[in-house]
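Residue numbers (my numbering): 1044 to 1434.
Even glycine gets a Cβ: it sits at the ideal position worked out from N, Cα and C.
Heads up, the thing below is written out as structure tokens.
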């Protein structure tokens, strides 16, 4: 696969993911609040929607083992996942979440199952085709692509909903989902190399302390970052009464920060190594999330939300590169999906936890709690990397 087209395909697939994640983590709360749901109920839906990303372990194993209809181990699953996501988005406006709470939650589960399927197989394809020296760069394209999706879609979706209706907003999201489809369709998936054939013995790597510590780090960082992201717009709405359009632009600023942070993360891991990079990510995250509690005027939100976006993109890119580095090629999609699934357990817990905390102790205290939780990651970093090891 030609390098430029390969990078573009991975970026676009993550763009599609970012389009939906921008809605679920930023605007979904405002959408559901418009039907009278409280933050605890919104947190429950967020947690249910994240379950497929925990179950993606089995999707990774399916992809590693089964060449679907002889069309490949990755490509047909990616196409199927994109279609499932698009169809669900078209159905969403027909459901009133206040009257049919469980129906909305089930549809969110199915939609995110489609995302989990193409996300898992995209990661597997990246692992199959990316040399070690390009791990940081490919992750910056993927995390950056997702962030660009958040930037563009958040801005357009916020204005579209404000000027028209949520129905047109969801149709727009369905169209954004299908954007990477042409690139996927023209991609030719090669045969697996002999050293990348599925082997059950490769699962023994999960006994290694560094792999265990990396998985726990993933859950912790995801809980903190995505939990904080979920309550940024509801916090600003509660304090300053922002509308959908403003919320969309706030998410755009966050996404811009994430793009820059992801690019910086990819470059930095190459220059100073993964250990120093993740240590920097941790420290930056403490301050970036803590400062969200210091927003006392609307103008401050633009600066501090952008700073949070920088921390978001930087931390995520470094973690993804670390995960690629430890993954065994014989169970590439399975192992990477297990690491991501554990991280997504953290996200699911974080979405539920921050919803409950926001209702009980307020948004600012919740931000401060999440900032302090970052410090628990420091001992994990020392376990992931042996003394003197930098990458």
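Between which two residues does the alpha helix (DSSP H) carrying residue 1116 extend? Run containing residue 1116: none; DSSP gives neither H nor E here.
Report the residue from 1301, 1116, 1158, 1109 whose alpha carbon sits nearest the alpha carbon of residue 1184. If we check each option's Cα against that of residue 1184, 1301 comes out closest.
Tell me the DSSP secondary structure of residue 1296 in three-state form. Residue 1296: helix per DSSP, three-state reduction.
I'd like to know whether the C-beta atoms of residue 1309 and residue 1191 end up nearer to each other than 8 Å. Result no, Cβ atoms of residue 1309 and residue 1191 do not sit closer than 8 Å.
Straight-line gap, residue 1389 to residue 1088 (C-alpha atoms, nearest Å): Those two C-alpha atoms are separated by around 15 Å.
Compute the beta-carbon to beta-carbon distance between residue 1387 and residue 1064, rounded to the nearest angstrom, for a pair I have assumed lies under 8 Å. Contact flag wrong, Cβ pair sits at about 12 Å.
Please report the residue range of the alpha helix (DSSP H) in which residue 1353 lies. Membership of residue 1353 in the alpha helix (DSSP H) is indicated by the continuous run 1341-1369.
Output needed for residue 1152: all residues of its chain with C-beta closer than 7 Å, excluding positions within five of it in sequence on either side, in chain order. Hits under 7 Å: 1091, 1092, 1094, 1095.
Please name the residue, chosen from 1127, 1155, 1306, 1143, that lies closest to residue 1186 on a Cα-to-Cα basis. Checked all of 1127, 1155, 1306, 1143; the closest Cα to residue 1186 is 1306.
Could you spell out the range, first to last residue, of the alpha helix (DSSP H) harbouring residue 1212? Secondary structure note for residue 1212: its alpha helix (DSSP H) is the uninterrupted segment 1209-1220.
Exposed or buried, residue 1145, counting other C-beta atoms within 10 Å across all chains shown (16 or more means buried)? So residue 1145 counts as exposed.
Contact set for residue 1082: own chain, Cβ-Cβ below 6 Å, skip 5 residues either direction: A distance below 6 Å between beta-carbons, with the five flanking residues on each side excluded, links residue 1082 to the following residues of its chain, in chain order: 1398, 1401, 1402.
Quick check on DSSP: helix, strand or coil for residue 1181? Of the three classes helix, strand and coil, the one that applies to residue 1181 here is helix, per DSSP.
Apart from the five residues on each side of it in sequence, which residues of its chain come closer than 7 Å, Cβ to Cβ, to residue 1110? Cβ neighbours of residue 1110 beyond the five flanking positions: 1116.
Check residue 1204 in the structure and name its three-state DSSP category. Secondary structure of residue 1204 (DSSP, three-state): helix.
I need the straight-line Cα distance from residue 1368 to residue 1360, nearest angstrom please. Just so you know, the alpha carbons of residue 1368 and residue 1360 end up roughly 12 Å apart.
Contact set for residue 1428: own chain, Cβ-Cβ below 6 Å, skip 5 residues either direction: Contacts found: 1318.
Whether or not the region 1322-1336 and the region 1403-1421 are in contact is what I'm after, with contact meaning three or more pairs of Cβ atoms, one per stretch, closer than 8 Å; do they touch? By the Cβ criterion, the region 1403-1421 is in contact with the region 1322-1336, since at least three pairs of Cβ atoms, one from each stretch, lie closer than 8 Å.
Only counting the same chain, and skipping five residues up and downstream in sequence, which positions put a Cβ closer than 6 Å to that of residue 1157? Closer than 6 Å at Cβ, skipping near neighbours: 1124, 1127, 1128.
Please report how far the alpha carbon of residue 1253 lies from the alpha carbon of residue 1341, in whole angstroms. For residue 1253 and residue 1341, the distance between alpha carbons rounds to 43 Å.
Would you kindly check if the distance between the Cβ of residue 1293 and the Cβ of residue 1348 is under 8 Å? Yes; because the gap between Cβ atoms is below 8 Å, this pair is in contact.
Residue 1314 burial status per 10 Å Cβ neighbour count (16 or more: buried): By the neighbour-count criterion, in which a residue is buried when 16 or more other Cβ atoms sit within 10 angstroms of its Cβ, residue 1314 is exposed.
Check for me: the alpha helix (DSSP H) holding residue 1260 runs from which residue to which? 1252-1273 is the span of the alpha helix (DSSP H), which, as asked, contains residue 1260.
Are the CB atoms of residue 1321 and residue 1383 nearer to each other than 8 Å? When the beta-carbon positions are compared, residue 1321 and residue 1383 stay at least 8 Å from each other.
Three-state secondary structure (DSSP) at residue 1199? In this structure, residue 1199 counts as helix in the three-state DSSP scheme.
What number of angstroms, rounded off, separates the C-alpha of residue 1432 from the C-alpha of residue 1247? Confidence at residue 1432 is low in this model, with a pLDDT of 48, below 50, so its placement is unreliable and the value that follows should be read with caution. Using only the alpha carbons, I get a separation of about 22 Å.
For residue 1256 and residue 1202, the rounded distance between their alpha carbons: Computed Cα separation, rounded: 42 Å.
Looking at residue 1276 and residue 1073, is the spacing between their C-beta atoms short of 8 Å? Taking 8 Å as the Cβ cut-off, residue 1073 and residue 1276 qualify as a contacting pair.
With residue 1099 as the anchor, note down where its alpha helix (DSSP H) starts and where it stops. Unbroken alpha helix (DSSP H) run through residue 1099: 1082-1108.
Cβ shell of residue 1380 (< 6 Å), same chain only, five flanking positions each side left out: If we look at residue 1380 and ignore the five residues flanking it on each side, its Cβ neighbours are 1099, 1100, 1103, 1163.
Whole runs of the alpha helix (DSSP H) within the region 1118-1161, excluding any shorter than 4 residues: Here the runs fully enclosed are 1118-1134.
Could you tell me which of 1339, 1122, 1171 sits nearest to residue 1221, measuring between CA atoms? In terms of CA proximity to residue 1221, 1122 leads the group 1339, 1122, 1171.
Given a cut-off of 8 Å, decide if residue 1052 and residue 1227 are closer than it, judged by their beta-carbon atoms. One thing to note: residue 1227 has its Cβ within 8 Å of the Cβ of residue 1052.
Whole angstroms are fine: how far does the CA of residue 1045 sit from the CA of residue 1434? The predicted position of residue 1434 is uncertain, since its pLDDT is 41 and thus under 50; a value taken from the coordinates is nonetheless stated next. If you draw a straight line from the Cα of residue 1434 to the Cα of residue 1045, it is about 28 Å long.
Under 8 Å between C-beta atoms of residue 1223 and residue 1080: Not closer than 8 Å, so no.
Hey, would you say residue 1355 sits closer than 8 Å to residue 1407, going by beta carbons? Contact: no.
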